[in-house]
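Chemist: Once you've had a glance at the structure underneath, I'll fire off some questions.
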Amino acid sequence: MVIINKKRIQIIISALLVGIFTFSLQIANNNQKGEKNKNQNNESVIQTTATPVSGKTVVLDAGHGVPDEGAQSSNGTTEAETNLKITLKVQNLLEQSGCNVILTRSDENAIYDLDAQTLKQKKISDIHNRVKIGNESSADIFVSIHLNKIPQQQYYGWQCFYKPNDENSIKLAKLLQENLNKSIQKENKRVAMKLDTVYIMKHVEIPISIVECGFLSNPEEEKQLLENTYQDKLAWGIYNGIIEYFYE
């Protein structure tokens with residue numbers, strides 16, 4: 003028996019229709035010399051399909067940044083660089099869907115104040131500025147993208163975190179987790195979990211989720227995280243989680 007989930011179908015259709023447009027061309031040609039007042043216009047009318055994120059504002063936060071590279075693998079892969087690549091892919095998908103995207107950083111550098119001198123001062127200034135962007139942006143949600151690293155090499159997979167006692171943060175993290183599972187289609191028993199020990203999670207006032215996209219400590223997953231196609235899958239999962247969050 004086929005069960006049709008109307009809500010899911012509408013979300014998928016909205017996503018697939020992103021970037022599809024129609025052109026209406028009206029061309030008037032003047033083929034006779036001396037003839038006046040003929041319109042010679044090429045007018046293009048672009049019609050785009052509305053999606054659940056049309057008119058919404060999303061803050062995308064690529065974690066860390068020079069001089070704070072975040073986690074680093076034994077092969078020298080840095081978290082900060084990979085975070086940014088994934089973030090820019092999500093930005094592209096959202097903006098094609100009519101979403102207003104605010105990036106906390108758009109290049110390899112962290113966003114510390116110029117008067118910060120030591121690495122510690124730069125880290126503190128950077129995280130304060132990220133929180134400030136989230137709270138002063140009038141954005142609808144805040145998604146922070148990171149990578150994991152622990153001493154053990156066997157652990158792998160993505161996991162999304164939410165602010166405790168915040169229903170919208172919980173909803174966002176669960177939908178991100180669910181859609182990453184679907185996009186990557188790899189066994190991952192992790193579920194969205196609360197996180198109340200991280201400064202940005204505690205102080206950003208809008209619905210927030212931290213997305214840990216994988217483990218640099220796992221050699222096989224590190225290779226995947228460097229692949230453009232795998233980054234596309236991560237970005238697609240995050241994008242669809244955001245789409246579904248705004249679906250009403």
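The opening residue of the sequence shown carries number 3 in my numbering; numbering runs sequentially from there. All residues carry an ideal CB built from backbone N, CA and C; glycine is no exception. This one's a predicted model, so the numbers in the text were calculated from it and none came from an experiment.
Hey, could you find the ends of the beta strand (DSSP E) V55 is sitting in?
Modeler: Translated into positions along the sequence shown, residue 55 becomes position 53. Neither: V55 is in no beta strand (DSSP E) and is coded neither H nor E.
Chemist: Expressed to the nearest angstrom, what Euclidean distance is found between the alpha-carbon atoms of V68 and Q233?
Modeler: Working through the sequence shown from its first residue, we reach residue 68 at position 66. Working through the sequence shown from its first residue, we reach residue 233 at position 231. Taking the straight line from one Cα to the other gives about 21 angstroms.
Chemist: What would DSSP say about S171, mapped onto helix, strand or coil?
Modeler: Against the sequence shown, residue 171 aligns to sequence position 169. Helix.
Chemist: Among G57, E246, R107, T79, whose alpha-carbon lies nearest the alpha-carbon of E222?
Modeler: Translated into the one-based positions of the sequence shown, residue 222 becomes position 220. The candidate whose alpha carbon is nearest that of E222 is T79.
Chemist: Please name the residue, chosen from I113, K125, E229, Y164, that lies closest to I135 on a Cα-to-Cα basis.
Modeler: Counting from one through the sequence shown, the residue named residue 135 turns up at place 133. Closest option to I135, Cα to Cα, is I113.
Chemist: Assuming D63 and R132 make a contact with CB atoms under 8 angstroms, what is their CB distance in whole Å?
Modeler: In the sequence shown, counting from the first residue as 1, residue 63 sits at position 61. In the sequence shown, counting from the first residue as 1, residue 132 sits at position 130. About 6 angstroms; that satisfies the 8 angstroms criterion.
Chemist: Where does G216 land, buried or exposed, given buried means 16+ other C-beta within 10 angstroms?
Modeler: Within the sequence shown, numbered from 1, the residue matching residue 216 stands at position 214. With 16 or more Cβ atoms within 10 Å of its Cβ, G216 is classed as buried.
Chemist: Determine the direct distance from the alpha carbon of K188 to that of A17, and round the result to whole angstroms.
Modeler: Position 15 of the sequence shown, counted from the first residue, corresponds to residue 17. Position 186 of the sequence shown, counted from the first residue, corresponds to residue 188. Low confidence applies here, because A17 scores a pLDDT of 49, under 50, leaving its location unreliable and the question unanswered by this model.
Chemist: Indicate the three-state DSSP secondary structure (helix, strand or coil) for L328 in the structure shown.
Modeler: The requested residue 328 does not occur in the structure, where the chain is confined to residues 3 to 250.
Chemist: Comparing alpha-carbon positions, which option in I212, N242, I245, L227 lies nearest F144?
Modeler: The count along the sequence shown starts at 1 and reaches residue 144 at position 142. It is I212 whose Cα lies nearest to the Cα of F144.
Chemist: Of the choices L174, V200, D109, D128, whose alpha-carbon is the least far from that of I243?
Modeler: As a first step, residue 243 must be located in the sequence shown, where it is residue number 241. Position check: residue 243 holds Gly in this sequence, whereas Ile was assumed. Nearest option by C-alpha distance: L174.
Chemist: For R192, which residues in the same chain have their Cβ closer than 8 angstroms to its Cβ, ignoring the five residues on either side in sequence?
Modeler: As a first step, residue 192 is located in the sequence shown; it is residue number 190 there, counting from the start. Residues G159, W160, Q161, Q179 of the same chain have their beta carbon placed closer than 8 angstroms to that of R192, with the five preceding and five following residues left out of the count.
Chemist: Give the DSSP-derived three-state secondary structure of K134 in the structure shown.
Modeler: Walking along the sequence shown from the start, residue 134 turns up at place 132. Helix at K134.
Chemist: Considering only C-alpha positions, which residue in the set R107, P54, S75 is nearest to G65?
Modeler: Numbered from 1 along the sequence shown, position 63 holds the residue referred to as residue 65. It is R107.
Chemist: Between E207, L177, T84, which has its C-alpha nearest H148's C-alpha?
Modeler: The residue you call residue 148 lines up with position 146 of the sequence shown. The residue from E207, L177, T84 with its alpha-carbon nearest to that of H148 is T84.
Chemist: Straight-line CA distance for Y201 to I129?
Modeler: Position 199 of the sequence shown, counting from 1, holds the residue named residue 201. Position 127 of the sequence shown, counting from 1, holds the residue named residue 129. In a straight line, the C-alpha of Y201 is about 8 angstroms away from that of I129.
Chemist: So A141 packs on G100, CB below 8 angstroms; how close in whole Å?
Modeler: Within the sequence shown, residue 141 is the residue found at index 139, counting from 1. Within the sequence shown, residue 100 is the residue found at index 98, counting from 1. Taking a contact as a CB-CB distance under 8 angstroms, the pair A141 and G100 does not count as one, their CB atoms being some 15 angstroms apart.
Chemist: Determine the direct distance from the alpha carbon of S56 to that of Q154, and round the result to whole angstroms.
Modeler: If you number the sequence shown from 1, residue 154 lands on position 152. If you number the sequence shown from 1, residue 56 lands on position 54. When rounded, the distance between both Cα atoms is 42 angstroms.
Chemist: Which partner residues of S211 appear in the DSSP bridge assignment?
Modeler: Against the sequence shown, residue 211 aligns to sequence position 209. The partner list for S211 (beta bridge, DSSP) reads V145, Y164.
Chemist: In terms of alpha-carbon separation, which member of Y249, I208, D109 lies closest to P166?
Modeler: For this step, residue 166 is matched to residue 164 along the sequence shown. Nearest of Y249, I208, D109 to P166, Cα basis: I208.
Chemist: Please report the distance separating the alpha-carbon of L228 from that of S76.
Modeler: Residue numbering aside, residue 228 sits at position 226 when the sequence shown is read from its first letter. Residue numbering aside, residue 76 sits at position 74 when the sequence shown is read from its first letter. One C-alpha to the other measures close to 14 angstroms.
Chemist: What's the C-alpha gap between P54 and K235?
Modeler: As a first step, residue 54 must be located in the sequence shown, where it is residue number 52. As a first step, residue 235 must be located in the sequence shown, where it is residue number 233. Between P54 and K235, the C-alpha separation is close to 20 angstroms.
Chemist: Among the residues of its own chain, which have a CB less than 8 angstroms from the CB of I255, if the five just before and after it don't count?
Modeler: Since the displayed the chain opens at 3 and closes at 250, residue 255 lies outside it and no answer follows.
Chemist: Measuring CB to CB, does N137 end up less than 8 angstroms from V92?
Modeler: Counting from 1 along the sequence shown, the entry for residue 137 is found at position 135. Counting from 1 along the sequence shown, the entry for residue 92 is found at position 90. No, the Cβ-Cβ distance between N137 and V92 is not below 8 angstroms.
Chemist: Pull up the CB-CB distance for S139 and I104, whole angstroms please, since I reckon it's below 8 angstroms.
Modeler: Within the sequence shown, the letter at position 137 stands for residue 139. Within the sequence shown, the letter at position 102 stands for residue 104. Indeed, because the Cβ distance is near 5 angstroms, the residues count as touching under 8 angstroms.
Chemist: Taking DSSP's pairing of strands, which residues face N94 in a bridge?
Modeler: Indexing the sequence shown from 1 puts residue 94 at position 92. For N94, which the question treats as bridged, DSSP gives no partner whatsoever.
Chemist: Could you check where the alpha helix (DSSP H) with N230 kicks off and where it finishes?
Modeler: As a position in the sequence shown, residue 230 is number 228, starting the count at 1. Looking at the DSSP string, the run of the alpha helix (DSSP H) that includes N230 is 230 to 248.
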